[in-house]
Each structure stands twice: as structure tokens, then as C-alpha cells.
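Protein chains in written order, with this note's numbering: chain V, 2 to 353; chain A, 2 to 353.
We put the beta carbon where it would ideally sit given N, CA and C, even for glycine.
Number of protein chains: 2
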Amino acid sequence: MAQRVARNGRKRTTITDVAERAGVSVPTVSRVVAGNYPVAAATRAKVMRAIRELDYVANAHARALAGATTKTVAFVVHDITAPFFAHIAQGVEEQARTEGRTCLVCTTQGDPARELAVVEQMREQHADAVILVGGGSELEENRQRMIHFAHALDEAGSRLVLCGRPALGANVPATVVEYDNEGGAFAITSHLLSLGHRRIAFLGLEEGFTTSVERLHGYQRAHETFRVDPDPTLVRAGSFFRSFGYEATRELLAEQRDVTAIFAATDIVAAGVLHALRDGGVQVPADMSVVGYDDIPLTMELTPPLTTVHIPHDELGRTAVRMALHRHEEAVPQHVVLGTHTVVRDSVAPPR
Amino acid sequence: MAQRVARNGRKRTTITDVAERAGVSVPTVSRVVAGNYPVAAATRAKVMRAIRELDYVANAHARALAGATTKTVAFVVHDITAPFFAHIAQGVEEQARTEGRTCLVCTTQGDPARELAVVEQMREQHADAVILVGGGSELEENRQRMIHFAHALDEAGSRLVLCGRPALGANVPATVVEYDNEGGAFAITSHLLSLGHRRIAFLGLEEGFTTSVERLHGYQRAHETFRVDPDPTLVRAGSFFRSFGYEATRELLAEQRDVTAIFAATDIVAAGVLHALRDGGVQVPADMSVVGYDDIPLTMELTPPLTTVHIPHDELGRTAVRMALHRHEEAVPQHVVLGTHTVVRDSVAPPR
DNA sequence: CTGAAAGCGCTAACAT
DNA sequence: ATGTTAGCGCTTTCAG
């Protein structure tokens, strides 16, 4: 009664081996492993012993195929090295584990085509939930494809979760966990305005990505509230990378636009801004105030430590998993907006 | 011929639905999907059409169960938010995708017990490779358990990969991808010594974790080479966290030990060191030289930018996947040590 | 409490 | 080139 040899020539201990060794039937072994059905103590002991002796582990695929339960959560993200995503991932992973799930992770490098391909792949895996993180494409075509996936997943008993990106529409079966992106931008811009800043540059509008657009809206609404007309030429489009912050700031400095504060769309961009300012001999915050967005750990290491908008990263990830998995329970909403708030550090002062 | 309804009440399009719709047999559908067998163009077209109309995706579990190939790579890491791990993860994910694999990610928070549990779980998943990243436990018991897993995975046709952690022994079937941890520490310590530093503190020895022990060895060997006796009281044990760097430096300063350089075991620790130095009014590098280890992106944002040891993170991850998956091909080694090198930035100067 | 029987969705011989 | 026949390893009725 040695283990069978599979087609590929590998020996793998199966439930049948265990059953033979323990002198019981296959379903009995299944029952003691699952532990959800009465089994005589003596029988259980025999089976457990056989399992240990044979070093048996269940085949997750056979289990998924026979039962209905996959016990995996898929997590799709632009780039796992970005602290913003990594911290959400952390929350997802923790909650998934708490709920007894394994976590599949895929990165898309921000490519909408790859995102679509990855979601398709997750559909094959029958994940209990597919969590999409980070600014999505605003192209109508991609939006439609995503709506399609939401329905496909729903019909398959799975769930699409949009985490930190806008909802797809009213009748789309999806869970959405947002953070108050626009509100955070509004608050930190107001902070600047209330201190007397009137010429505030906004760096990092990424066309077609909702995240930056919403942040810009917050910036604009704050200006309206304070009844100041923002100078549209102070809004610079670019990437979310450090180098963009550096370049854009150099330009701004060269142009002598009388800017007294810079709102970088992300902390990473702000790091580039600070660097350019230092290179240009501009004192922060004395000569120029700088704020960022995201509140990643890096902000504390910057010189000076950066005033920024805090996003509840972990909470976002945990909530996404929790809401998706418990969506059939009552009182579990399927759309929440988590709050953001300004974290005041040392990079802001009133204008001279 | 609508889709069947599974036990759990979900309708899912299966290969049978497609076959019926296209008016062919199930294996024919399988063949066009796999694309590894001759199928008449007309038949293929019919099948493709049915697939599109039914929005069919293959069930990865059924596929894994029937065939031998799982097409997943598991990746086990302490903490995905640590840049060190995130960058390796990036390499793993990229290479896995290149090789047509999905990536399972699990975090252990550095807990050896959880690591063991996770590896067990990966065994159930039948991943093609299980990649363990980061300093492992030096406890003999855990080592034995890991050796056991290496054999179990091997017998199951999978592969244990140790990435950035030491090999388990000569006859253990595992792939190991290391970086020259000791060599990097030797080089950067030599850099300091050659500039004339004689009292160099080493911060961040984490007992029981090989990574820090090897770095300490490099530090010591460099001293021997330069024929200087290192002061053992200058070696401080602690965590790899920022706070440890801060605290340890405050102590060092308070003790007035005539230290002229600090070797922090990681860049994160170095960030804490720099912070403490700034708080204490100590100029870097004029009054104190500081070096780190890892070369994470943060180092460039520190003030001053940190001289550190570069680790080829991406390469480590990619190599791990490549070597494991191609282990049966000739000329693919199963143990490599990737090089590290000192990156000189602005945190080091000769002692006063 | 336990066993026998059926089937999850797919692939891989074996036929034709 | 296509269909037929067997499973892969497990769970879940249904009997006893």
C-alpha cells in the first residue's frame, strides 16, 4: 500500500493511501480532516495516526473541485513595491488569513490591458473575492469590460472589490471601499489657504486616472470655498514618480511664478519637490511650503518631515476583504468611504 | 443547454456547456483551449465562438487536478511592506508571469511557526515552487522541519527555494539563491577602515537570525584584515526597526565612546541613526560617518543620502523563480550567490 | 457512526 | 482530426 504514482511520475500521498493505511473508507478520512461530522474517537485516532505517518496533506484543487469552496482571495495591484499598495496589501493579507483564506497577488504595472488579463485569470482560480486596488482607467471601454467581469464573478459566486477606486455604477454587483480622496485634498489645501497661501501649485495630475483627478477637485473646491481663483497654469500634469516632482519644481522655480506652496499629488512626488527645492536653495517651509498625499512611512524621513494627507491603508485592505466575504450577512454595507485627514508635520508655514 | 447549476447554487459555464453549444465533444474543446493539438480550422472557429458567447473560462482547479501542472508559484515573506521584501517580490512576480505562472503570496511577520504553517498550506496548493525569502530561524528544530518540507515538496514534484537565506545542508533538495551578505558587510566596513575610522559601531545584531549574523561577520573580518581590534562593546543587538537605530544611537552618544562611524545593519536602522544624530546635533558625515545595508529607495531621501550596500533585489527574485522552474535543464545551477557592492553617497567622510 | 456510489471539470490515453 | 473512455483526489448524498 505505498502511494500511487501519478501520471507525471510523482508520488503523492492521497486520501486513499490514508484510508488504506488506517483501514477505513475514504469518506471517513475526509470527515476527520474536515472535522465537521461525528466520527468515533478511536477511528479518528487511527486516521490521524495514518495522516501523520504518511505525511499527508489534502490536495487543495481536488477539494476546490469537489466542494464549492476555494478559500482564496485575489489581490490585484499596480506595483507591490509602492508603499501605498504594499500597506493595503498588508491589510488584505492579514484579513484574508483571519478569514482562513490564502492570498493570490498579481501586479499590473498600471497597464489596463494587463489588469483585464489578470482579472480573467483570477476568474479561472475561482477566488472568493477579487480585489482591485488603485486608480483605474477612465476609458469607457475598460470600464465596460470591468462591469462585465463584475457580473461574471458575481454569477460564479465570487465578488469584485474596488478598493481605493471609484464605483462602476449603480447596478454593478461589486463591493467598493473608497477613501475620501477629494476630501483629503480639500482639507490640506484649505490648511494652506487658511495660512494665507494664495499661489499654490498642484503637481501630478495624471490624465485618465481618477485618483489624481479627484485630488485636483479637492484642491479646486478649497479654492472656491476660500474665494480665491486658482491659477490654472500652476497645475502641472505628470506622473506619480519622484522625478516628475523634481523636474516640475525646477521648472516652476525657473519660471519665477511667485508660488508660495506646492501640493504634490503623492508623497513620492513631494520627495522630488523637496529635493529640487534644496538644490535650488529654497528653504522649506520658510520660503516654500510643501504638502504631499498618502502618508507613507517615507514622509517622516524627509527633510523636513512632510505635512500630508493620511490614508487608512491597512483599514482599506482589511475592510475590502471583510465586506466582500460577509456580503450576504445583514448590516454589511457594500459601499463605504473611509475618512482621510491631514497630518501636520514640518513642511508648512505661513507665506512670507 | 443552459449552464448547469452547481451544488452551491452557482451557475458556472463549464467545458461541457461549450461542447454542447459548439456541437463537438468535450476533449475537442479542451484541445482548442490548450492549443497543443491539431484541430480543424472550422471546428476551432465554432468552439471559439461558443466560448465567446458563453463567456467561458477554464476551471483552474479541475485543470490542475486532471493534468499535472498547477502553474502557480508561492512566495513566502516576513512582511510585504518592507521595501527589501517588496522588491524581491517584484522580481518573483515578474519572472513568474514571464513563465506563465500565477503568484501566491503569504506573509509570516517573521514568526517561524507561521512560516511552517504557511509552507504546509503551499504544499496543499501544489505550487510549482515555494520561495522562502529573508533570514530564517537558526533554531535547529525549525531547520529540521524545513528540511522535511524540502523533501516533501521534492517528492511531490515541487521545489523549495531559499532566497536570501542560507542553505539547509548538502543533501537537501532545494534551490538556493543568496546574495553575498558577508562580503557586502566586509566591503563597506573596509571602506570605513581605509578612510581611517577605527571605532566603528555595529547596530542591529538580531540574535538567531542569520542575516545580521553574517553582516556582523563581514564587519569583523574587515577589522581583522586591517589588523584593528574591534571593540565588542560597540556591537549592539536589537531589531531591524527604525526605532532601534534611534535608541541605540542616543545611548552611544550619551556614553561618549569616541565612535567615528556607525554601521547600521539595515537602511531602516540607519534612518533612525541619522535622526538621532540630527537630534543630538552631530553633523554627518563631518562628525560621524554612517552606513547602512540594503540600498532601498529610501536611502536617497535621507539627509545626507546614505552610503550603503546594494543588494540586487529584483535579480534575486527573478533568479529564484528561473532556477527553480528550470532545475531539470542542464547547466542550471541550484545554488548561486549574487554579488553585492558598496554604493557611495554622502554619509561617509574621513574621521576628524 | 461508517461505507458505497456518484460526480465536481478537466485532460490524456485509446480508439477511430 | 475527432470522439470514447478513464480517471485526477476529494466531498457529498444516501444507505445501512
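Query                                                                                                       : Result
Run of the beta strand (DSSP E) containing A/G205, from where it starts to where it stops                   : I201 to L206
Proximal residues to V/T267 (C-beta, below 8 Å), its chain only, five neighbours per side dropped           : F85, G205, F241, G293, Y294 and D295
Backbone CA spacing between V/I297 and V/E21 [nearest angstrom]                                             : 55 Å
Under 8 Å between C-beta atoms of V/V162 and V/A130                                                         : yes
A/V120 to V/P351 span [Cα, whole Å]                                                                         : 55 Å
Straight-line gap, A/A238 to A/E208 (C-alpha atoms, nearest Å)                                              : 7 Å
Beta-carbon proximity check, V/L33 vs V/V77, cutoff 8 Å                                                     : The sequence given here places Val at residue 33 of chain V; Leu does not occur at that position. Not a contact, by the Cβ cut-off of 8 Å.
Chain V contacts from the region 42 to 63 of chain A (Cβ-Cβ distance under 9 Å)                             : D56, V58, A59, N60, A61, H62 and A63
Alpha-carbon to alpha-carbon, V/T71 and A/V214                                                              : 41 Å
Member of A/V40, A/H79, A/P286 and A/I148 whose CA lies at the smallest distance from the CA of A/P174      : A/I148
A/R124: contacting residues in chain V (beta-carbon distance under 8 Å)                                     : V58
A/V33 at chain V interface by Cβ criterion, 8 Å                                                             : no
Within 8 Å, strictly: CB atoms of V/G273 and V/S244                                                         : yes
Check whether V/V333 and V/P305 have beta carbons under 8 Å apart                                           : no
Sequence-distant residues of its chain with Cβ nearer than 6 Å to A/R199 (five each side left out)          : V229
Within-8 Å CB hit, V/A90 to chain A                                                                         : yes
Bridge-paired residues (DSSP) for V/D295                                                                    : V/H311
Cutoff 8 Å: A/I81 Cβ touching any chain V Cβ                                                                : yes
Sequence-distant residues of its chain with Cβ nearer than 7 Å to V/S159 (five each side left out)          : H127, A128, D129, A130 and V131
Own chain, CB closer than 8 Å to V/T341, minus 5 neighbours either side, in chain order                     : Y180, D181, N182, G184, G185, A188, V310, H311, I312 and P313
Three-state class that DSSP yields for A/S290 in the structure shown                                        : strand
Residues that V/A65 contacts on chain A, provided the C-beta gap is smaller than 7 Å                        : H62
Within the region 17 to 91 of chain A, ranges of the beta strand (DSSP E) (whole runs, at least 3 residues) : 73 to 78
Residue environment, V/H336, which counts as buried when at least 16 other CB atoms sit within 10 Å         : exposed
Residues near V/T17 in its chain [Cβ-Cβ closer than 7 Å; skip 5 each side]                                  : V27
Alpha-carbon spacing of V/V1 relative to V/A63, whole angstroms                                             : Since the displayed chain V opens at 2 and closes at 353, residue 1 of chain V lies outside it and no answer follows.
Beta-carbon proximity of A/D288 to A/R353, cut-off 8 Å                                                      : yes
Closest residue to A/T261 among A/P231, A/I269 and A/T29 (Cα-Cα distance)                                   : A/P231
Contact under 8 Å by Cβ, V/I263 with V/V291                                                                 : yes
Pair within 8 Å by beta-carbon distance, A/R59 and V/E125                                                   : Per the sequence presented here, residue 59 of chain A reads as Ala, with Arg not at that position. Cβ atoms of A/A59 and V/E125: closer than 8 Å.
Of the residues V/A97, V/F210 and V/T15, the one placed nearest V/L326, counting alpha carbons only         : V/A97
Neighbour flag for V/E302 against chain A, beta carbons, 8 Å                                                : yes
Beta-bridge partners of V/I132, as assigned by DSSP                                                         : V/F76 and V/V162
Nearest to V/A271 (by Cα), restricted to the options V/A51, V/M301, V/R328 and V/H152                       : V/M301
Enclosing alpha helix (DSSP H) for V/L278 [first to last residue]                                           : D268 to D280
Spatial distance of A/A223 from A/T190 (CA atoms)                                                           : 6 Å
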